[in-house]
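For reference, the structure is listed below as structure tokens.
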Amino acid sequence: MTTLKPILLAEDNPRDAELTLAAMEEHHIADKVVVCHDGAEVLDYLYCRGPYKTRRHGNPAVVFLDLKMPKVDGIEVLRTIKNDADLHHIPVVMLTSSREERDLAQSYALGANAYVVKPVEFHQFINAVKELGVFWGVINEPPPEGLTSTQ
Amino acid sequence: MPQSLMARAVRWFASWSIEQRVLGGFGLVFAGIVVISIASYRNTAVLIENSRLDTRSHELVQLLGSIGETLDEAERGHRRYLVTGDQAYLKGHKTLLEQMPVFSQYLQGLTEGTPDQEARVASLVELIGQQLAAEAAAISARQTSGYEGVRSIALSGAAKLELEAIHRLIIEMEGAEQKALRARVVQSTGSTRNTIVLLVLGALLQLVLLASVYHLIHHDITERRRVATELRRRGELLQAANKELEAFSYSVSHDLRAPLRHIDGYASLLSKTAGESLNDKARRYLQTISDSAKQMGQLIDDLLIFSRMGRQEMLRTRVNLDQLVKTVIHDLRLDLQGRTISWTIGSLPEVYGDPAMLRQVFTNLLSNALKFTRHRAGAKIEIGATQPTAGETEIFVRDNGAGFDMQYVNKLFGVFQRLHRNDEFEGTGIGLANVRRIIHRHGGRTRAEGAVDRGATFFFTLPTKRVVG
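Quick mapping for you: the protein sequence lines, in order, are chains A and B.
Its first residue numbered 1045, the first sequence is counted upward by one per residue in the working numbering.
Its first residue numbered 1116, the second sequence is counted upward by one per residue in the working numbering.
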């Protein structure tokens, strides 16, 4: 059995991050979650630089990406990931409060793998996060390491 | 009196519209140009006529000269014949005799229309006739009685008196022609001067006309340009305002939802972790916190839909309302669980509009009908349409639920307007406002009828033909 890859959660709001972790706790996948607080940190993690210089190499199983974040926003991070030959296989799930059609269209146009609107109701929210975590972090087989774009 | 007349004229002119003034001005200038053209034409006609008369005068003077010479020639030849008896000298007399009718015809032609000269021509012709007769008499006397018989005549000349009278008459005629010529020169000069003045005046009028046309066109173009600029500026302002509004809604949708999620989330976490140790009262408080957060979340969602319905691009396509209503009822199946409702759904027409927006209309109206018939044992909901007229159709949704008091009918379609307390029927007060907004964007109207505890009917019109624009 291979060790599970980490789940990268990009969430600038610490309460949202805590609630998300609380939801994942129930399925014991919370310890696999790495929380980044802005887009710049996500990119630091993915490119193993700054505070993540010493981390074990390898891409996360999935990136949960908030749209509105300080420094570098979600759309910018998504664009960077999908335009990088080494990163663009990483599944990216947009996890956001925005139901705006513009955000939906732009995210899918840039190659987002899924788009989930955070429900206001906690039970729905917890179910959504749980399902997402289990599906992308456990059930879904991530792309093999070292796979690069053929383009 | 004249002053009041003047004032009345001024008032009358002031009552004219711009178009009437322009038309009046153009009419005046045009009339001026026509008058000038006619006057110039007449002046020119006078000039042409004078020049024709001048030519005739010159011809007449020339003709008179040659007639005088011919007469002298005839008289001289005739006297030589009387002396010598040589027939060759009678050539002049014979030529005159032959040419006399031609001369007389010419003279009459050249003096036609001038009675003085015509009278002189008549006496001239008569005198010449007398000269010829006198000469003829002398010739015949010479033939019968020889030179001796005509000796005295030969010395003085047979028609001496007539010839003198003829020469006087010719001089008189020439004088008259010269006088007429001079008069015509004066007339032509005056006429030419008039024509020049009139032409200059005409040119000025035409300049005025051109200048006013230019001014009007220029004014018109400037005005159009100004309006276009103003329209563009307003369009830009509107676009900026719309962008701002969009940014605002975006911010609301994203930022306002997060704290609500946290309230509900932490309340749930609290009840989960401390649930055992809490008493019923504390648990109810926590539940209320959660419910309020959810309600506000619903409110935000409804407001966002309301705002989106106002600014979203609208589709205009054929919409099958029968199918649409089926879909909406299917979507509401969760609300229908455990309910017994008697549905009456009439045949609905095809309309033109935005399917997603119209779906929102039926969703709002039908979920309202379901909500307000909740406490009815025999709940009835009816959907139908009246016969389409003048390119539109009226559709209605009727229920036998809680109804409303007609005195509040004007508040029904307003934003945040509710006619029921929240503990009676939950709701955000945006549903019907949204219905009205969508129907107005389709060019339709909404109205409602109802009575307390006797149900309510909501009517709206929709176009059945494609609306241009």
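Just so it is clear, CB atoms sit at the ideal spot from N, CA and C, and this is done for glycine as well.
Residues from the region 1163-1194 of chain A in contact with chain B, defined by Cβ distance under 9 Å:
Taking 9 Å as the cut-off between beta carbons, the residues of the region 1163-1194 of chain A near chain B are P1163, V1164, E1165, F1166, H1167, F1169 and I1170, in sequence order.
Same chain only: Cβ atoms within 6 Å of E1391(B), ignoring 5 sequence neighbours per side
Position 276 of the second sequence holds residue 1391(B). The beta carbon of E1391(B) lies closer than 6 Å to none in the same chain, with the five residues before and after it left out.
Do you know whose CA, among D1060(A), D1056(A), Q1150(A) and K1049(A), lies nearest V1173(A)'s CA?
As a position in the first sequence, residue 1173(A) is number 129, starting the count at 1. With distances taken between Cα atoms, V1173(A) lies closest to D1060(A).
If contact is defined by three or more beta carbon pairs under 8 Å, each pair taking one atom from either stretch, is the region 1564-1583 of chain B in contact with the region 1506-1520 of chain B?
yes
Helix, strand or coil at G1559(B) [DSSP, three-state]
Within the second sequence, residue 1559(B) is the residue found at index 444, counting from 1. Look at G1559(B) here: in three-state DSSP terms it is coil, with no helix or strand label.
Would you mind sorting Y1467(B) into buried or exposed? The rule is 16 or more other CB atoms within 10 Å of its CB.
Along the second sequence, read from residue 1 onward, the residue named residue 1467(B) stands at position 352. Under this definition Y1467(B) is a buried residue.
How big is the Cα-Cα spacing for E1507(B) and R1581(B)?
Locating residue 1507(B) in the second sequence gives position 392, where the first residue counts as 1. Locating residue 1581(B) in the second sequence gives position 466, where the first residue counts as 1. Distance between the alpha carbons of E1507(B) and R1581(B): 10 Å.
CB I1554(B) to CB F1575(B), shorter than 8 Å?
Translated into positions along the second sequence, residue 1554(B) becomes position 439. Translated into positions along the second sequence, residue 1575(B) becomes position 460. For the pair I1554(B) and F1575(B), the CB atoms are nearer than the 8 Å cut-off.
What's the gap between the Cα of L1418(B) and the Cα of E1134(B)?
Within the second sequence, the letter at position 303 stands for residue 1418(B). Within the second sequence, the letter at position 19 stands for residue 1134(B). Their Cα atoms are separated by approximately 51 Å.
With a threshold of 8 Å between beta-carbons, can G1542(B) be considered close to chain A, or not?
For the purposes of this step, residue 1542(B) is identified with residue 427 of the second sequence, where counting begins at 1. No, G1542(B) does not count as interfacial toward chain A.
Does the Cβ of S1238(B) have 16 or more other Cβ atoms within 10 Å, making it buried, or fewer, making it exposed?
As a first step, residue 1238(B) must be located in the second sequence, where it is residue number 123. Exposed: under 16 other Cβ atoms inside 10 Å.
Determine the DSSP secondary structure at A1494(B), reduced to helix, strand or coil.
Taking the first residue of the second sequence as 1, we reach residue 1494(B) at position 379. Strand, per DSSP.
Sort out for me which residues DSSP pairs C1080(A) with in a bridge.
Start at 1 with the first residue of the first sequence, and residue 1080(A) comes out as number 36. Answer is A1054(A).
Between S1383(B) and the rest of its own chain, which residues show a CB-CB distance below 7 Å, the 5 nearest in sequence each way excluded?
As a working note, residue 1383(B) is residue 268 in the second sequence. Residues S1405 of the same chain have their beta carbon placed closer than 7 Å to that of S1383(B), with the five preceding and five following residues left out of the count.
Note down, in chain order, all residues in the region 1405-1420 of chain B with a beta-carbon under 9 Å from any beta-carbon belonging to chain A.
Close to chain A, meaning a Cβ-Cβ distance shorter than 9 Å, are the following residues of the region 1405-1420 of chain B: S1405, A1408, K1409, M1411, G1412, Q1413, I1415, D1416 and L1419.
So that I know if they touch, is there some Cβ in chain B lying closer than 8 Å to that of L1235(A)?
Examination of residue 1235(A) is not possible in this model, given that chain A is present from 1045 through 1195 alone.
Determine the direct distance from the alpha carbon of G1139(B) to that of G1425(B), and round the result to whole angstroms.
Reading the second sequence from its first residue, position 310 is the one you call residue 1425(B). Reading the second sequence from its first residue, position 24 is the one you call residue 1139(B). When rounded, the distance between both Cα atoms is 50 Å.
Tell me the DSSP bridge mates of G1499(B)?
Residue numbering aside, residue 1499(B) sits at position 384 when the second sequence is read from its first letter. In DSSP, G1499(B) forms a bridge with F1511(B).
Does the region 1120-1135 of chain B come within contact of the region 1091-1101 of chain A, defined as at least 3 CB pairs closer than 8 Å?
Taking 8 Å as the limit for Cβ pairs, the verdict is that the region 1091-1101 of chain A does not touch the region 1120-1135 of chain B.
What span of residues does the alpha helix (DSSP H) with Y1400(B) cover, start to end?
Position 285 of the second sequence, counting from 1, holds the residue named residue 1400(B). Y1400(B) -> alpha helix (DSSP H) spans D1395 to R1426.
Using a Cβ-Cβ cutoff of less than 7 Å, which residues in the same chain neighbour F1218(B) once the five nearest sequence positions on both sides are dropped?
For the purposes of this step, residue 1218(B) is taken as the residue at position 103 of the second sequence. Excluding positions up to five away in sequence, the list reads I1182.
Within chain A, the residues that G1380(B) reaches when beta carbons sit closer than 7 Å
Stepping through the second sequence from its first residue, residue 1380(B) is reached at position 265. Ordered by position in chain A, the residues that pass the 7 Å Cβ test against G1380(B) are L1063, F1166 and F1169.
Straight-line CA distance for D1056(A) to E1465(B)?
Position 12 of the first sequence, counting from 1, holds the residue named residue 1056(A). Position 350 of the second sequence, counting from 1, holds the residue named residue 1465(B). If I take the Cα positions, the gap works out to 49 Å.
Are L1176(A) and V1164(A) closer than 8 Å when you measure CB to CB?
In the first sequence, the residue the question calls residue 1176(A) occupies position 132. In the first sequence, the residue the question calls residue 1164(A) occupies position 120. Against a cut-off of 8 Å, the Cβ pair of V1164(A) and L1176(A) comes out as no contact.
With DSSP as the reference, label N1435(B) as helix, strand or coil.
To locate residue 1435(B), count along the second sequence from 1; it is residue 320. In the structure shown, N1435(B) sits in a strand (DSSP, three-state: E or B).
Since I believe L1052(A) is in contact with V1203(A) (beta carbons under 8 Å), could you give me their beta-carbon distance rounded to a whole number of angstroms?
The shown model of chain A, from 1045 to 1195, leaves out residue 1203(A), and the question about it has no answer.
Closer than 8 Å to chain B by CB, D1056(A)
What you label residue 1056(A) is simply residue 12 of the first sequence in a count that begins at 1. By the rule that beta-carbons nearer than 8 Å mark a contact, D1056(A) does not touch chain B.
Using a cut-off of 7 Å between C-beta atoms, extract the partners of A1373(B) located in chain A.
Here the question's residue 1373(B) lines up with position 258 in the second sequence. Near A1373(B) (Cβ distances below 7 Å), the residues of chain A are N1057, D1060 and S1141.
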